[in-house]
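Trainee:
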Amino acid sequence: MVTTRTRAWRGNELIAEGFPLEAVSDHLATPGVVVWVDLCAPDKEQLALLADELDLHELAVEDALSEHQRPKVDYYDTHAFMSLHAVEVDLDRGELVNTEIDTFVNEHWLITVRKDSRFPVEPLMRRWDRSPHLVGEGVGFLLYGLLDLVVDGYFVAASKFDDFYDLVSEGLFGDTPLDPDQQRHWFEMRRALVRLHRFVVPMREAVSGLMRREHAVVSTPLYPYFQDVYDHILRVSETTDALRDLVSTIVETNLALRDYRQNQVMKKVTSWAAIVAVPTLITGFYGMNVPYPGSGEHWGWVTAASLTLAISVLLYVLFRRREWL
Amino acid sequence: MVTTRTRAWRGNELIAEGFPLEAVSDHLATPGVVVWVDLCAPDKEQLALLADELDLHELAVEDALSEHQRPKVDYYDTHAFMSLHAVEVDLDRGELVNTEIDTFVNEHWLITVRKDSRFPVEPLMRRWDRSPHLVGEGVGFLLYGLLDLVVDGYFVAASKFDDFYDLVSEGLFGDTPLDPDQQRHWFEMRRALVRLHRFVVPMREAVSGLMRREHAVVSTPLYPYFQDVYDHILRVSETTDALRDLVSTIVETNLALRDYRQNQVMKKVTSWAAIVAVPTLITGFYGMNVPYPGSGEHWGWVTAASLTLAISVLLYVLFRRREWL
Amino acid sequence: MVTTRTRAWRGNELIAEGFPLEAVSDHLATPGVVVWVDLCAPDKEQLALLADELDLHELAVEDALSEHQRPKVDYYDTHAFMSLHAVEVDLDRGELVNTEIDTFVNEHWLITVRKDSRFPVEPLMRRWDRSPHLVGEGVGFLLYGLLDLVVDGYFVAASKFDDFYDLVSEGLFGDTPLDPDQQRHWFEMRRALVRLHRFVVPMREAVSGLMRREHAVVSTPLYPYFQDVYDHILRVSETTDALRDLVSTIVETNLALRDYRQNQVMKKVTSWAAIVAVPTLITGFYGMNVPYPGSGEHWGWVTAASLTLAISVLLYVLFRRREWL
Amino acid sequence: MVTTRTRAWRGNELIAEGFPLEAVSDHLATPGVVVWVDLCAPDKEQLALLADELDLHELAVEDALSEHQRPKVDYYDTHAFMSLHAVEVDLDRGELVNTEIDTFVNEHWLITVRKDSRFPVEPLMRRWDRSPHLVGEGVGFLLYGLLDLVVDGYFVAASKFDDFYDLVSEGLFGDTPLDPDQQRHWFEMRRALVRLHRFVVPMREAVSGLMRREHAVVSTPLYPYFQDVYDHILRVSETTDALRDLVSTIVETNLALRDYRQNQVMKKVTSWAAIVAVPTLITGFYGMNVPYPGSGEHWGWVTAASLTLAISVLLYVLFRRREWL
Amino acid sequence: MVTTRTRAWRGNELIAEGFPLEAVSDHLATPGVVVWVDLCAPDKEQLALLADELDLHELAVEDALSEHQRPKVDYYDTHAFMSLHAVEVDLDRGELVNTEIDTFVNEHWLITVRKDSRFPVEPLMRRWDRSPHLVGEGVGFLLYGLLDLVVDGYFVAASKFDDFYDLVSEGLFGDTPLDPDQQRHWFEMRRALVRLHRFVVPMREAVSGLMRREHAVVSTPLYPYFQDVYDHILRVSETTDALRDLVSTIVETNLALRDYRQNQVMKKVTSWAAIVAVPTLITGFYGMNVPYPGSGEHWGWVTAASLTLAISVLLYVLFRRREWL
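Protein chains in written order, with the working numbering: chain G, 40 to 364; chain L, 40 to 364; chain D, 40 to 364; chain P, 40 to 364; chain R, 40 to 364.
#1: Taking a cut of 7 Å between CB atoms, which residues from the stretch 292 to 310 of chain P lie near chain L?
#2: Taking C-beta pairs closer than 7 Å, name the residues in chain D that residue 237(R) reaches, listed in chain order.
#3: Just to confirm the assignment, what range does the beta strand (DSSP E) spanning residue 46(P) have?
#4: Can you give me the Cβ contacts of residue 106(P) inside the same chain, cut-off strictly under 8 Å, excluding the 5 residues immediately before and after it?
#5: Comparing the C-beta of residue 204(P) with each C-beta of chain R, is any distance below 9 Å?
#6: Give a yes or no on whether 9 Å exceeds the smallest Cβ distance from residue 353(D) to chain R.
#7: Quick check: the Cα distance between residue 309(D) and residue 302(R), rounded to an integer number of angstroms?
#8: Quick one: is residue 40(P) buried, meaning 16 or more other Cβ sit within 10 Å of its Cβ, or exposed?
#9: Verify the CB distance criterion: does residue 180(G) have a CB-CB separation below 9 Å to chain L?
#10: Just to confirm my understanding: we take residue 342(L), look at its own chain, exclude 5 residues before and 5 after, and list those with CB closer than 8 Å. What are they?
#11: Report yes or no: is there a C-beta of chain P within less than 9 Å of the C-beta of residue 341(R)?
#12: Can residue 137(L) and residue 238(L) be called in contact, C-beta distance under 9 Å?
#13: For residue 34(P), count neighbouring Cβ atoms within 10 angstroms of its own Cβ and tell me buried if that reaches 16, exposed if not.
#14: DSSP state of residue 116(D), grouped into three classes?
#15: Taking the continuous alpha helix (DSSP H) assigned at residue 267(G), which residues delimit it?
#16: Applying the 10 Å Cβ sphere with the 16-neighbour rule, what's the burial state of residue 251(L)?
#17: Contact criterion: CB-CB distance below 9 Å. Does residue 327(R) meet it with respect to chain D?
#18: Cβ atoms of residue 225(D) and residue 207(D): under 9 Å apart, would you say?
#19: Considering only their Cβ atoms, is the gap separating residue 327(P) from residue 319(L) smaller than 9 Å?
#20: Since residue 357(P) is in the alpha helix (DSSP H), which residue starts that stretch and which ends it?
#21: Count the other CB atoms, across all protein chains shown, that sit within 10 Å of the CB of residue 126(R); report buried if there are 16 or more and exposed otherwise.
#22: Comparing alpha-carbon positions, which option in 62(P), 63(P) and 74(P) lies nearest residue 49(P)?
#23: Does the beta carbon of residue 360(P) sit closer than 9 Å to a beta carbon anywhere in chain B?
#24: Using the C-alpha atoms, what's the distance from residue 293(D) back to residue 72(R)?
#25: Output yes if chain G places a C-beta closer than 9 Å to the C-beta of residue 183(L); else output no.
#26: Rounding to the nearest angstrom, what Cα-Cα distance links residue 257(D) and residue 242(R) in this structure?
#27: Is the CB-CB distance between residue 197(G) and residue 288(G) below 9 Å?
#28: Under 8 Å by Cβ, that's how I've got residue 103(L) and residue 152(L) pegged, so tell me the actual separation to the nearest angstrom.
#29: Among 100(R), 45(R), 117(R) and 123(R), which one has its Cα closest to the Cα of residue 111(R)?
#30: Anything in the stretch 66 to 89 of chain D with a Cβ closer than 7 Å to a Cβ of chain G? List those residues in chain order, please.
#31: Going by DSSP, name the residue or residues bridged to residue 200(L).
#32: Along chain R, which residues have their Cβ under 9 Å away from the Cβ of residue 267(D)?
#33: Whole angstroms are fine: how far does the CA of residue 117(G) sit from the CA of residue 178(G)?
#34: Closer than 9 Å, Cβ to any Cβ of chain G: which residues of the stretch 187 to 200 of chain L, in chain order?
#35: Quick one: what does DSSP say residue 83(D) is sitting in, helix, strand or coil?
#36: Figure out for me which residue from 64(P), 364(P) and 167(P) has the closest Cα to the Cα of residue 180(P).
What follows is the structure in structure tokens.
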């Protein structure tokens, strides 16, 4: 079942709420009334009904039914269509979960079509109720409220990435290299970060387009508010840029550290190899079947043992001093 | 043999179909008639005939005969020339197969010249029949139908790449490194992806040029449709961008994983070398031809064997604990 | 407790200083008077009071209360809001410490809101007092003084990075590779450098915006001064660009040097291995239980010892000549 | 000796050819006459003479005498100066051979100054003769003919690079790594490719400048022809871009393959080392001078030999199964 | 002591030279007179005197006293200030030596302030004397002469880098890797190249700005000359771009070659290790204290020696054939 939410305002006053879809045109008949309709996961028929009533463009309706990968605004004769994406970061699974919210905007109404219920509509209504003096600015304010919420979500996502990479930077200088599981997590997080970035950039363009073109929607008193949203997107986009930069630095540093660690291991291994190889040579010498000095004699054994021990200790001390061990 | 397809419309009505090339001018004599002619792999003479009849520019005809590597639109006095490329991905061979479709456009006719039959013309005709109410918008709609089909093909190609790289990302964290055959496949896929990208970018420019300049072709009611096509190309181009980004990430991750694997192998090899080398030293010791304690004695043999075994086990346990084995 | 500083000028003359916030509107009532108010870490109430008195926009006030990550200028109906960041480099900890200074500007007053006392206000007042003949140019000069101070701080920071990387370049060619502590310091410094860069770029835009738009603020005689500030930011931004370039070069050079060093070590290790392995082979030969020439004979021992020694010396000389040792 | 070529046209008709330099002004005296003069490797005096006669700017003459590294167009009061570069690829030596062709253009004459005879002038004359109906368009067509020829040479060069890199891509997956000679060839080819790219890009700008500015030179009927040349340059520039991209991919793939090969070699070496080391340990064991079980006994020898053999075979089979051998 | 040079022209005629600073205003009183003043390393007082006399802006004077890192032009009410940098490459020390030359320009005078005597003023005077017919164009020509000289120095520097990197490219394919000293030289040269690049780019902007804005300075007949200078800077900037590209290619090629060399060394080392290890195994076998076939027998010794020799030779031949040795 599709849940439908409706609201109607005249000036700053909320005059109706929760009325059926059929009543939309009645409300719109009254001059100065602004109507909001929210559909969650509507089917084709229901959307077609609304499209008919409000004369929505067939391409916009098609867009609202299919899934998109990028925010955009399309301008039609009698209305605009805006496709938004609310995001959430699932840190454990290294995933960026997104919900599409499509909107039809006109100076008299705002239709929001959510693809599923992951983006709850209650905070949006609370956002609107918080600034009743701006509701009178019309649909522009309603749209601002929605954008503000979505962009706040981007902010939260960006900070989560920020925290994640702070942790990663900390862990980078630990003793052990990354195992494949961690590598995979990093990999997923990088993909998620790129995806966030790819939501933010067209969103920035869409909002700046709204501010330039749709003066019917963005009235002068609302302008600073859209500017504020725009500024927030800009900050998110700079954060993601900075993080992608940081990721490169991390990759390079990791490489350098790995080289350091491998070098340390190689030195250790080589040192121990030498400590074993030289005594082996000596015992080999004393194993020859020729009458070398001390062969078959007690003092030969003492010499051999002393040599073996002495050289081993000597090598150990030598390598220790050079910090190879 | 060249197959020729023809159609003529007046307003929204299809008034003739399958008439010979010679009848084209007759149809064009009637005001308000729009004619479509399709030639598949035409020879020089046939194209020359048509060029004469419709006064096509010699450079455009030359272009339609030779092969191109990039989509483009050229504007001549009496018509425009557009070169398109339909693509298909052959995942197994890692190849991007493309067919060139050249079009001559004017407000009265649309000529499509296909280099070969790999791009079938039937879906195009079906596409046109699906929106009869738009046929009355003239050649612009016919062109839109063609662009829409070609760009849909780009979409399909991009999704195939998307799926391929999802699989690659999955396989990345497996235990075995890539063998040369897989490397080659990756290499070919990367080249194919770059080629797709290089079709998409000039296509984007071509369509945006059409929307800006040729208002004779793109009428106001058609504008949203071309905008829709443009939006699709944009999405394809963002997908290919994202994929190229992903490829870099995969390359880097692969490098890091390879290092991890090499490191694991090196540790193992070094551990086993130590487990073999130390007993070798001991047996060397007991092989010396000097009267060391226990030489020639049974208890000597017991000590030697115990030492060898004990040290081997000790080393094994030690390396195990440090996760070198 | 919040410290508040105030000043009022008429023309080039300082007419009042240290008056309470309540007196601000009295001063503003006199034509030609310019007022400066500084608040350090104000609470919500105090700012609200001032906002009321001077009719500051609610979004600007909100911005002044929250923390920002990037410099920006917002233009409201009756005033502009500018967010600045003074920076300092902590070389030891590899950190870029920044303090936010928010300003409200109008042709009659300048309000500075410092987030904390890390940016002292005394140098700013001294800067103003140094050029009394320009104070008559109004708020524009006050703003210039502030920008000049902040940008000077950027300069100092950039030079510190410059010195740091000169040192790093020197140390690069030393004998020992970097240990993890140094790597960490480098890593932190790189992050700090990126952060500085990310303050400088939007700052450049903000100042160039001021010069373009706010002619009410930047009067003709002040123009060269703002141009000078702009030029300074440009230089800082080019320095940070050059440094980021240098960092890449350092990373690459470090890699090449590391390879050189590893190669040197590998040659040494291999040489010593050979010097030990060949005598081991010979002693093994003489350890066989077969009547080889010289077995059990004195001259056998002499031959064996001579061979061992000769070959070792030979190998040593050989490797020495090829510069492997 | 300098070879001079001359031609004069009136309308579409060639009215004189091979006349001496002195006759140039006579021909130019007739209205509607267009003159072409070609000098191959002229000396200072000869050029000075011509400069005097046609009032060429001293800077343009200086440019025609010295050598340039980039195509360019300079606009003077009475004429334009264009510097072109014809190129050829020497695949064996990995070199891009270029010849400079400088031109002075005015609506009445075209002077071509070739630095040497490597760019033959006959194809140019044939090119002009092929389209006699366009000669009447004046100097613009002559210039077009020259540009067309030069850009065709770029095309040929780009295709040679294309073929070269196709071969390289094929060879990439062979068994043996590149030896220094091949590396050097690659290196030279990369430099040559970059050089081609650096001719193409300013050439593109120069032609697009001609199309924008010199409407005296590019008449409306000639516009499509210049557009065609422009399009060709664009394709060459996209080819070189794509090739540079491909080169990076090749470098990365080569690195990955090298790692694969090194890994294979390392596994083999390690396996053989183990197959040799373990028997060595056993023979060491049996070489101890202690009465171990079987020492001095026939069955001892059988056991030792069997163990040695068995373990070697076992290890061999083991490594074989894990595909290390 | 500060050396001051002065000159005055009326039209094309040099009317005075070497007059004292005090006489500058006298000369300027005569209409149509153009004055040049050169100060080398002036102190604050001397510059203040001149500033007073010619009404130079305080910020420009401040700039002329401090040191800059980038070329720039600032436009003041009555004059422009231009900061130039003459450069020289010290190939041995891998350093780019630069001298700052600051100029104040107005339609009546040109002041040049050199920071030190490293940029000699005589060539500049000779440059002016070479084109007396252009001196009448006023200060613009004087400025052109200076720019021409400075940019010629850039040219020389760029060619030196060009030659250096040609040598480097040659040496790249030699047998021995780079030692740290050479690495350091490369590193310094890279830094110097970046510094050159960073002088060239803003210089380009400055000259193009002069050509756009200061038509009072650049008269129509001078325009081609400034265009020529601009073109030269463009070529220098393209050369430095190409060189930076080349440096990356060199770094990559060097990496590939290093891998090749390491691989060669590894193969050699492994081969020799095998040639030593297998005989060691055999001698170990014959050293066992068990009655193996031939133990204590002459034919045993013969077999052992033959086996050892045969296998060593076999392995040697084998590795030789596979080109491991």
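Where is the CB? At the ideal position from N, CA and C, for every residue including glycine. Since the structure is predicted, the reported quantities are computational estimates derived from the model, not experimental observations.
Mentor: Inspection of the coordinates gives the following:
#1: 292, 295, 296, 298, 299, 302 and 309
#2: Residue numbering aside, residue 237(R) sits at position 198 when the fifth sequence is read from its first letter. The answer, in chain order, is 277 and 281.
#3: By 1-based counting over the fourth sequence, the position of residue 46(P) is 7. Segment 43 to 49, the beta strand (DSSP E) holding residue 46(P).
#4: Working through the fourth sequence from its first residue, we reach residue 106(P) at position 67. The answer, listed in chain order, is 139 and 154.
#5: Position 165 of the fourth sequence, counted from the first residue, corresponds to residue 204(P). Not closer than 9 Å to any Cβ of chain R, the Cβ of residue 204(P) fails to qualify, so no.
#6: For the purposes of this step, residue 353(D) is taken as the residue at position 314 of the third sequence. It does not; no Cβ of chain R falls within 9 Å.
#7: The residue labelled residue 309(D) in the question sits at position 270 within the third sequence. The residue labelled residue 302(R) in the question sits at position 263 within the fifth sequence. Approximately 14 Å, taken between the alpha carbons.
#8: Here residue 40(P) corresponds to residue number 1 of the fourth sequence, with the count starting at 1. Any reading at residue 40(P) must be qualified, since the residue scores a pLDDT of 49, below 50, and its modelled position is unreliable; no value is offered.
#9: As a position in the first sequence, residue 180(G) is number 141, starting the count at 1. Output row for residue 180(G): interface = no.
#10: Residue numbering aside, residue 342(L) sits at position 303 when the second sequence is read from its first letter. Closer than 8 Å at Cβ, skipping near neighbours: 333.
#11: The residue you call residue 341(R) lines up with position 302 of the fifth sequence. For residue 341(R), the answer is no, since every Cβ of chain P falls outside 9 Å of its Cβ.
#12: Along the second sequence, read from residue 1 onward, the residue named residue 137(L) stands at position 98. Along the second sequence, read from residue 1 onward, the residue named residue 238(L) stands at position 199. Cβ distance < 9 Å, so residue 137(L) and residue 238(L) count as in contact.
#13: No answer is possible for residue 34(P): the residues shown for chain P start at 40 and end at 364.
#14: Along the third sequence, read from residue 1 onward, the residue named residue 116(D) stands at position 77. If DSSP states are grouped into helix, strand and coil, residue 116(D) belongs with coil.
#15: Mapped onto the first sequence, residue 267(G) falls at position 228. Note, residue 267(G): alpha helix (DSSP H), 262 to 325.
#16: Along the second sequence, read from residue 1 onward, the residue named residue 251(L) stands at position 212. Burial call: exposed.
#17: Residue mapping note: residue 327(R) aligns to position 288 of the fifth sequence, counting from 1. Yes, contact with chain D.
#18: In the third sequence, residue 207(D) corresponds to position 168, counting from 1. In the third sequence, residue 225(D) corresponds to position 186, counting from 1. Yes, these two residues count as a Cβ contact at 9 Å.
#19: In the second sequence, residue 319(L) corresponds to position 280, counting from 1. In the fourth sequence, residue 327(P) corresponds to position 288, counting from 1. Against a cut-off of 9 Å, the Cβ pair of residue 327(P) and residue 319(L) comes out as no contact.
#20: For the purposes of this step, residue 357(P) is taken as residue 318 along the fourth sequence, with counting starting at 1. Here the alpha helix (DSSP H) through residue 357(P) covers 337 to 360.
#21: As a working note, residue 126(R) is residue 87 in the fifth sequence. Buried: at least 16 other Cβ atoms inside 10 Å.
#22: Within the fourth sequence, residue 49(P) is the residue found at index 10, counting from 1. The option with the nearest alpha carbon to residue 49(P) is 74(P).
#23: Although the question refers to chain B, the structure presented lacks it and instead comprises the protein chains G, L, D, P and R.
#24: For this step, residue 72(R) is matched to residue 33 along the fifth sequence. For this step, residue 293(D) is matched to residue 254 along the third sequence. When rounded, the distance between both Cα atoms is 59 Å.
#25: Position 144 of the second sequence, counting from 1, holds the residue named residue 183(L). Closer than 9 Å: no.
#26: Reading the third sequence from its first residue, position 218 is the one you call residue 257(D). Reading the fifth sequence from its first residue, position 203 is the one you call residue 242(R). Spanning the two alpha carbons is a distance of roughly 27 Å.
#27: On the first sequence, residue 197(G) is found 158 positions in, with the first residue counted as 1. On the first sequence, residue 288(G) is found 249 positions in, with the first residue counted as 1. No, the pair does not count as a contact, with Cβ atoms beyond the cut-off.
#28: Here the question's residue 103(L) lines up with position 64 in the second sequence. Here the question's residue 152(L) lines up with position 113 in the second sequence. Confirmed, Cβ separation roughly 5 Å.
#29: Numbered from its first residue, the fifth sequence carries residue 111(R) at position 72. Minimum Cα distance to residue 111(R) is reached at 123(R).
#30: none
#31: Counted from its first residue, the second sequence places residue 200(L) at position 161. Residue 200(L) pairs with nothing; no bridge assigned.
#32: Position 228 of the third sequence holds residue 267(D). Those within 9 Å of residue 267(D) in chain R are 98, 101, 102 and 113.
#33: Residue 178(G) sits at position 139 when you count from the first residue of the first sequence. Residue 117(G) sits at position 78 when you count from the first residue of the first sequence. Answer to the nearest angstrom: the Cα atoms are 14 Å apart.
#34: none
#35: As a position in the third sequence, residue 83(D) is number 44, starting the count at 1. Correct three-state label for residue 83(D): helix.
#36: Your numbering for residue 180(P) matches position 141 in the fourth sequence. If we check each option's Cα against that of residue 180(P), 167(P) comes out closest.
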